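According to this note's numbering, the residues represented by the sequence shown are 9 to 822, in order.
Yeah, the Cβ is synthetic: ideal placement off N, Cα and C, and Gly gets one too.
Here the structure is a predicted model, which means the values were calculated and not measured.
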Amino acid sequence: MATRKAVGLLDRSAGLPDTFWYSTKRRLLGPPLVNQDLGEQRLSNPLALGVLSPDGISSSAYGTEEILIALVPAVGLAAFSLLLPMTLVVLLVMVLVLLSYREIVMVYIRPGGSYVVARENFGPRIAQVCAVALLIDYVVTVAVQTSAGTAAVASAIPALGPYKLEITVGVVVLMAFGNLRGLKEAGRSFAVPTYLFSAAVILMIVVGLIRDLMGNLGQLDPATLHGAYHLGSSTEGLISGALIFTLLRAFANGGASLTGIEAVSDAVGAFRPPEGRNARKVLMTEGAILGILIAGISWLAFRTHATPYTAGYPTVLAQEAQVVFGSGFFGKAFFYLLQLATMLILYTGANTSFNGFPFLTSYVAGDSFLPRWLLKRGHRLVFSNAIILLTIVSVALIIIKDADVNSLVPLYAIGVFTAFSMAGFGMAKYQSKHRTPGWRRRQVINFSAGVTTALVVAVFAIVKFTEGAWVVVVLFAILVPALIRMNREYAAEGEVLETIAENQPPPPPHYARRTIFVFVDSFDLATLAALRYARSLRPTSIRAVHFVIDSVRADKLREKWTRADRGVTLDFIDVADRRLTRAAAELVEREIADPGTHVTVVLPRRSYSALLGRLLHDRTADKIAAVVSRIPRSAATIIPYDVESRVQVLQERQAAKMAAASADTADQQTRTEEAEVADKHATPNGDKPPPPSPAKARGLLKRREPEPCGPDGLPLEVPSQVPGISSIGSLTSPGRAVVEGRIRVVEIKPVERNSVLACEISDGTGTLTALFYGRSHIPGIVCSARVRFKGSVGIKDGHPVMINPAYELIFPAV
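Written out as structure tokens, the structure reads:
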């Protein structure tokens, strides 16, 4: 609370109004959080199972359906016979992956999961393959899980089916909004969908098993289901090439059931101690639940002949629930409960990406393989840039694929299984290097997991290539080299900085002549501000320059400049080819031909809002600044000038002056009238009129003359009459003193590797300079503010100086 109060005081002391965009953001996202609000919550095992497992457990909702989508059009009713063997193969792969990650959570407690494993064992560059795989996985996870969740909604309410794209996009946008506000995944509410879905599906499996044993479990006829996938021929030879390809496609589709298992390894540090052991227990429990759900749903599909629909709804899971629970009141109640649980866990599983993606990008950016703006926390202490990036890409993917789960699956598992593979090979290398007790057995397990998942990646890339897997392959080919190149750029810059830091800084340059060019495009307030800034630098000479590309406009500018008479000569340089950057560079190069000359180019620019500025500015000033900055002994400074706000301030000041003048006129008129009345009521013998009543006297005393002002428009200073306050003019020898005055000058001065904020105050008897070392800004210490300084006084060049005095703001700036 104290921190937030301090932040509020600093904001008010700045006196700057909030921008429209900031005010809008504050209303939508809430007040900003401070760093102290970053908390760490340790998860118990039951809570961790509920919070970290939605992505993995929810995959069972569509894994079986994806296998059938590959088999039914090819082999017809034989698909249901092949479903169970295919499910068994998928479960065997899942067991290998679980055993591999069981070792990972015991060794790598830090967040990062398979990316950290790959980085620590193969180096940061090879690890970028894993980074790209996980980034793709997180994006596609949002698209697949939300699309599957919407399919569950449409299965319960078919009238919403035609709007599945709009619903899915809306859900993603709501997730992004919630996460930008600082939505915490570690809340108990996020654990509810996991347990609700698991319980509902297990109940369905148990009821279905009982009804099957009793012989009253119904069975659907796929041939009569309108809108279902067309039944293919089942007469092909079991060893035909087409069937083998179909089985590989079915296995690849079924691999989508295993996505999300790695979520526990990404959050080992969030567990209660001992972190590794507790994470391992939760991981194996999640695997057991996932295995039961996949096997049970596949078995019910085998018994009920639930067939996938081309529209994506009703889902296989929904059809199984209808057959198992029946059409009675309680049957419908349990059906809707299951669909509600399915929707909740799928949407919750999608939300895990909004937690994992930003943290992964921050890790990769911390290793200098992604832009560093992904390291910044936003308004609510979340990685806002990464959340917005994830939202944009995932929404675009959903729109392109029309929120169809089957169309998204080919993009899904390549990234997931690539990460699985690198994690397995990485742990095998770790075991070979460290050789802890039982390392050979662990090495075999991890190497087998790496090989198996690598084969799955190859199968996916081949059988799903024409269905969209080629996009992922192309992304790998583009993004991995791009990340490595970005790291090379950062590394080169770091080496240069390190070399500079190791050497002593060169002495500050001393130039015999300093020239400032103020490039003038038109005569306006921005140009006047640039001229004031140029004069404040106290150069040897100031030259205003206009590059002539329109002679008529140049003549009008010459007329205005001459009439204004700003005391600076305006040079006109003809630029026939309109290459302003080249003309500016040639001008600067001619000026620095003298080795003792330094040139500063000042470029005035009118400021607008970010969006309007992009429309109105052609970035000429930026281009000129970029060219000039490459020339030795030269620098370029762009002076933004907010014309709208400045005009408003000037108008307010003018209105205040006019109001004060009107008040003075009225006051003078009142006094004149009172004098005339007094003359009329004077006694015949010439006596003065009686004194005014006490009330009238108090009214006269309230009238004050306006405070006299100096030539700069600021109130004239008089020494403070407060006891204990010394006049500045009396400080002629070192000692301690308390002084009070109005700030006349504030500037920042470089001193070796530090900076000094120099503040000059005046009280009418003299001036005193206060130096604040290591400071570049102090709220409230601005020109025209009245302050009180207390500290030791020294004398330098005949003027009093204080070093780091205690200060008190008496009156703010006028």
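Item, Value
"Ignoring anything shorter than 4 residues, give me the alpha helix (DSSP H) runs that lie fully in the segment 337-408, in order along the chain.", "337-374, 392-408"
"Would you report the Cα separation of residue 288 and residue 631, rounded to the nearest angstrom?", "57 angstroms"
"Which residues in the same chain have their Cβ closer than 6 angstroms to the Cβ of residue 722, if we skip the five residues on either side of it in sequence?", "Residue placement at residue 722 cannot be trusted, given a pLDDT of 47 that sits under 50; the coordinates are not used to answer."
"Since residue 161 and residue 351 are thought to touch, with beta carbons under 8 angstroms apart, how far apart are those beta carbons, to the nearest angstrom?", "5 angstroms"
"For residue 670, count neighbouring Cβ atoms within 10 angstroms of its own Cβ and tell me buried if that reaches 16, exposed if not.", "exposed"
"Taking the alpha carbon of residue 291 as the reference point, which residue from 207, 59, 364 has its own alpha carbon closest?", "59"
"Can you give me the C-alpha to C-alpha distance between residue 319 and residue 235, rounded to a whole angstrom?", "7 angstroms"
"Assess contact between the segment 61-69 and the segment 298-313, defined as three or more Cβ pairs (one per stretch) separated by less than 8 angstroms. Is contact present?", "yes"
"Smallest Cα separation from residue 545: which of 523, 561, 565, 88?", "523"
"So, helix, strand or coil for residue 8, using DSSP?", "Examination of residue 8 is not possible in this model, given that the chain is present from 9 through 822 alone."
"For residue 812, which of helix, strand or coil comes out of DSSP?", "coil"
"With H, G and I counted as helix, E and B as strand and the rest as coil, what does DSSP make of residue 728?", "coil"
"Alpha carbon to alpha carbon, what distance is there between residue 585 and residue 641?", "27 angstroms"
"For residue 126 and residue 132, I'd like the C-alpha separation in whole angstroms.", "8 angstroms"
"Considering just the uninterrupted stretch of the beta strand (DSSP E) at residue 799, what are its terminal residues?", "794-804"
"Among 231, 181, 385, 114, which one has its Cα closest to the Cα of residue 272?", "114"
"Straight-line CA distance for residue 623 to residue 494?", "Only weak support is given to the placement of residue 623: the predicted model assigns it a pLDDT of 41, under 50, and the value that follows is read from those uncertain coordinates. Roughly 30 angstroms separates the two Cα atoms."
"Going by other Cβ atoms of all chains shown within 10 Å of its Cβ, with 16 needed for buried, is residue 439 buried or exposed?", "buried"
"Below 8 angstroms on the Cβ atoms is my contact criterion, and I expect residue 183 with residue 358 to pass it. Report the Cβ-Cβ distance as a whole number of Å.", "7 angstroms"
"Per DSSP, what are the beta-bridge partners of residue 317 in this structure?", "236"
"Could you name the residues that DSSP lists as bridge partners for residue 525?", "551, 609"
"Is the distance from the Cβ of residue 810 to the Cβ of residue 766 below 8 angstroms?", "no"
"If we ignore side chains and look at the alpha-carbon of each, how far apart do residue 346 and residue 497 end up?", "52 angstroms"
"Apart from the five residues on each side of it in sequence, which residues of its chain come closer than 7 angstroms, Cβ to Cβ, to residue 411?", "155, 158, 172, 173, 176"
"Using 8 angstroms for Cβ pairs, my map puts residue 254 next to residue 82. What's the rounded Cβ distance?", "4 angstroms"
"Are the Cβ atoms of residue 98 and residue 265 separated by less than 8 angstroms?", "yes"
"Taking just the CA atoms, how far does residue 408 sit from residue 213?", "36 angstroms"
"Put residue 780 into one of helix, strand or coil per three-state DSSP.", "strand"
"Shortest alpha-carbon distance to residue 754 belongs to which of 220, 282, 769, 740?", "769"
"Out of curiosity, what's the CA-to-CA distance linking residue 85 and residue 310?", "10 angstroms"
"Between residue 810 and chain B, is there a C-beta pair that is closer than 8 angstroms?", "Judged by its chain identifiers, the structure shown contains no chain B, having just a single protein chain."
"Would you mind working out which of 225, 537, 152, 306 sits nearest residue 354, comparing C-alpha positions?", "152"
"Give me the residue from 813, 633, 217, 314 with the minimum Cα distance to residue 647.", "633"
"Report yes if the CB atom of residue 420 is closer than 8 angstroms to the CB atom of residue 316, and no otherwise.", "no"
"Here's the rule: buried if 16 or more other CB atoms are within 10 angstroms of the residue's CB, otherwise exposed. What is residue 73?", "buried"
"Could you give the DSSP three-state label for residue 218: helix, strand or coil?", "helix"
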